[in-house]
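Asks:
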Ligand SMILES: Nc1ncnc2c1ncn2[C@@H]1O[C@H](COP(=O)(O)OP(=O)(O)OP(=O)(O)O)[C@@H](O)[C@H]1O
Ligand SMILES: [Mg+2]
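In structure tokens:
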């Protein structure tokens with residue numbers, strides 16, 4: 020007699036075959052006990068069962084090989100383990116898809132980073148808000164979001180503002196010209212070591228690396244060796260000046276020291292002061308212009324009190340910053356670097372998700388180098404980076420940007436309606452050729468999920484009623500009153 024529902028490894032099956040009596044079912048660990056499920060029925064290693072090493076299995080029905088043969092059972096199986104957070108339903112097998120990029124490391128993934136790609140309105144943000152934010156918070160994760168897209172119901176704030184309030188918080192808002200929040204790029208949380216001091220790449224980016232990326236971003240080109248030297252010299256001098264005056268260093272002090280270098284510094288370099296000033300002029304003037312215009316009040320003062328690592332959900336709202344120009348990429352990079360440095364130094368840090376919507380602003384430009392360095396330390400600090408894009412063409416080939424995406428071991432590909440975009444996704448994520456027609460025709464809320472080196476599978480993302488309300492981004496198109504929605508869902512809005 021065999022138990023047709025009992026699953027076991029090959030070895031186990033052999034052992035079971037010798038057993039005349041099926042082993043007694045072992046109860047689930049206390050925390051997981053559910054009266055309706057008998058866990059690990061038929062397992063021999065009870066200790067293993069007790070520690071939750073096996074998948075749950077219903078107690079089998081007793082049958083004979085002859086009977087089982089005629090049933091000709093082809094048993095579809097879930098493409099993922101049951102350990103993880105529910106994403107949705109595997110469309111081939113009908114099984115629930117559970118995956119959690121942090122928990123899956125290092126078993127099925129080599130890193131905890133996630134990339135989500137898809138056409139406009141394919142339901143990417145919906146996955147981010149639920150599976151990337153709300154559900155992980157239930158298991159004690161912190162979530163930090165950079166919210167780029169204005170909300171459809173109130174274009175003066177980002178689309179995560181509602182979710183943030185639902186969790187009892189308020190977004191940290193960045194606005195041009197002041198009146199919003201500020202992160203000082205020389206915040207003491209960000210390591211002050213200069214690139215010359217840095218010996219390894221295993222620490223988060225320092226103030227110096229960040230400053231260089233900001234300078235390159237505002238200039239729109241790499242800085243020359245002389246400009247770099249003038250910038251580093253002014254940075255060091257500004258830190259000393261600030262210490263001597265007991266004030267917090269800011270980028271304005273650096274600009275001042277580029278225009279008016281210290282005599283001591285030029286003597287040390289064996290050049291006159293005018294030469295040192297000339298090396299730094301272009302960088303200084305361009306930085307000055309940006310600090311007074313596009314970046315005014317966002318990175319040039321002391322960090323405001325609302326910028327802090329807190330438990331639960333933190334939303335950095337950058338939705339009011341202009342799409343064009345470097346301000347957006349700079350502010351996103353400063354947030355990312357500040358956060359990585361804070362987590363790196365925190366003693367009792369929680370595992371954290373860092374969710375970046377419209378991430379091409381982060382990876383397209385010279386700040387990508389800083390983001391990549393942040394990504395490299397993420398494993399050490401329990402960080403899972405989530406990047407959202409529309410198309411693979413948003414990611415320049417052969418750059419740091421491409422490396423950032425390729426270092427994501429969990430990939431979600433939503434619909435790509437245009438053939439070149441679908442083909443590019445197949446190439447970028449090493450998907451089988453058969454994925455191409457699937458990607459062209461994926462329905463809203465359905466994606467191809469690829470975890471590590473495993474075969475991709477088609478999955479329908481599921482949302483609870485509350486999640487459906489919170490992820491509805493069609494409010495402006497499909498105007499309905501609150502009471503109508505309550506009737507739809509039978510629930511009060513958040
Ligand atoms: N799991 C789902 N199943 C079916 N429909 C969904 C699902 N998730 C979201 N939708 C619908 O799709 C719409 C668009 O979702 P969402 O805003 O998440 O898309 P998006 O890909 O982030 O769009 P964009 O590129 O504009 O940011 C939502 O308003 C919602 O009505
Ligand atoms: Mg979106």
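Residue numbers (our numbering): 20 to 513. C-beta atoms are modelled at their ideal positions from N, C-alpha and C, and glycine is treated no differently. Small disclaimer: the values here were computed from a predicted structure and weren't measured.
In whole angstroms, what is the alpha-carbon distance linking residue 470 and residue 107?
Replies: Those two C-alpha atoms are separated by around 15 Å.
Asks: Taking C-beta to C-beta, are residue 350 and residue 334 nearer than 7 Å?
Replies: No, these two residues do not count as a Cβ contact at 7 Å.
Asks: Does the distance between the C-beta of residue 148 and the nearest non-hydrogen atom of ligand 2 fall short of 6 Å?
Replies: No, since every heavy atom of ligand 2 falls outside the 6 Å radius drawn around the Cβ of residue 148.
Asks: Does the structure place the segment 119-132 close enough to the segment 458-474 that three or more beta carbon pairs sit under 8 Å?
Replies: Short answer: they touch.
Asks: Looking at ligand 2, does it come within less than 6 Å of residue 143, judged from the CB to the closest heavy atom?
Replies: The answer is yes for residue 143.
Asks: Pull the bridge partners of residue 104 from the DSSP assignment, please.
Replies: According to DSSP, which records beta bridges pairwise, residue 104 is partnered with 118.
Asks: Once the 5 residues before and after residue 233 are set aside, which same chain residues still bring their CB inside 7 Å of it?
Replies: 204 and 349.
Asks: Measure the C-alpha to C-alpha separation of residue 365 and residue 401 and round it to an integer number of angstroms.
Replies: Computed Cα separation, rounded: 11 Å.
Asks: Given 8 Å as the limit, is there contact between the segment 225-239 and the segment 361-380, that is, 3 or more CB pairs closer than that?
Replies: Short answer: they don't touch.
Asks: Is residue 139 near ligand 1, in the sense that its beta carbon is under 6 Å from a heavy atom of that ligand?
Replies: Checking every heavy atom of ligand 1 against the Cβ of residue 139, one is found closer than 6 Å.
Asks: Nearest CA to the CA of residue 223: which residue from 354, 463 and 363?
Replies: Minimum Cα distance to residue 223 is reached at 363.
Asks: Residue 350 lies in the alpha helix (DSSP H); which residues open and close that run?
Replies: First-last of the alpha helix (DSSP H) with residue 350: 346-364.
Asks: With which residues is residue 405 paired in a DSSP beta bridge?
Replies: Paired residue(s): 133 and 374.
Asks: Going by DSSP, what residues sit across from residue 479 in a beta bridge?
Replies: Answer is 108 and 465, bridged to residue 479.
Asks: What number of angstroms, rounded off, separates the C-alpha of residue 306 from the C-alpha of residue 486?
Replies: Whole-angstrom Cα-Cα distance: 43 Å.
Asks: Looking only at its chain, what residues have a beta carbon closer than 8 Å to the beta carbon of residue 347, apart from the 5 residues adjacent to it on each side?
Replies: Closer than 8 Å at the Cβ level, and outside the excluded window around residue 347, lie 167, 337, 340, 341 and 380.
Asks: Do residue 163 and residue 358 come within 7 Å of each other at the CB atom, strictly closer than that value?
Replies: Yes, the Cβ-Cβ distance between residue 358 and residue 163 is below 7 Å.
Asks: Residue 178 to residue 169, Cα distance in whole Å?
Replies: One C-alpha to the other measures close to 5 Å.
Asks: Examine the Cβ distances between the segment 280-287 and the segment 321-332 and report whether three or more of them are shorter than 8 Å.
Replies: Cβ pair count under 8 Å is below three, so no.
Asks: On the DSSP letters alone, give me the boundaries of the beta strand (DSSP E) that residue 335 sits inside.
Replies: Element bounds for residue 335: 332-336.
Asks: Counting only the same chain and skipping the five closest in sequence on each side, list residues whose C-beta sits under 7 Å from that of residue 146.
Replies: Excluding sequence neighbours, residue 146 sits near 135, 431 and 480.
Asks: Is it buried or exposed, residue 433, if we count other Cβ atoms within 10 angstroms and call 16 or more buried?
Replies: The residue in question, residue 433, is buried, as its Cβ has 16 or more Cβ neighbours within 10 Å.
Asks: Can you give me the C-alpha to C-alpha distance between residue 123 and residue 131, rounded to a whole angstrom?
Replies: Answer to the nearest angstrom: the Cα atoms are 8 Å apart.
Asks: Per DSSP, what kind of secondary structure is residue 177 in: helix, strand or coil?
Replies: Residue 177 falls in the strand class under three-state DSSP.
Asks: Which residue from 265, 250 and 420 puts its Cα closest to that of residue 275?
Replies: That would be 250, whose Cα lies nearest to the Cα of residue 275.
Asks: Taking one C-beta from the segment 239-246 and one from the segment 258-274 each time, how about it: are there three or more such pairs within less than 8 Å?
Replies: Contact between the segment 239-246 and the segment 258-274 is absent, because fewer than three Cβ pairs lie under 8 Å.
Asks: Kindly indicate which three-state DSSP category residue 169 falls into: helix, strand or coil?
Replies: The answer is strand: DSSP assigns residue 169 an E or B state.
Asks: Do residue 5 and residue 196 have their C-beta atoms within less than 7 Å of each other?
Replies: Beyond the ends of the chain as shown, which are 20 and 513, falls residue 5; an answer cannot be given.
Asks: Among the candidates 423, 308 and 396, whose CA atom is the shortest distance from the CA of residue 383?
Replies: It is 423.
Asks: When you compare only the Cα positions, how much space is there between residue 466 and residue 411?
Replies: C-alpha separation (whole angstroms): 15 Å.
Asks: Opposite residue 161 in the DSSP bridges: which residues?
Replies: Answer is 371.
Asks: Check each candidate in 189, 387 and 141 and name the one with the smallest Cα separation from residue 420.
Replies: Closest option to residue 420, Cα to Cα, is 387.
Asks: Rounded to whole angstroms, what is the Cα-Cα separation between residue 478 and residue 110?
Replies: Rounded to whole angstroms, residue 478 to residue 110 spans 5 Å at the Cα level.
Asks: Are residue 353 and residue 191 closer than 7 Å when you measure CB to CB?
Replies: Going by C-beta atoms, residue 353 is not nearer than 7 Å to residue 191.
Asks: Check whether the Cβ atoms of residue 208 and residue 361 sit closer than 7 Å, and answer yes or no.
Replies: Result yes, Cβ atoms of residue 208 and residue 361 sit closer than 7 Å.
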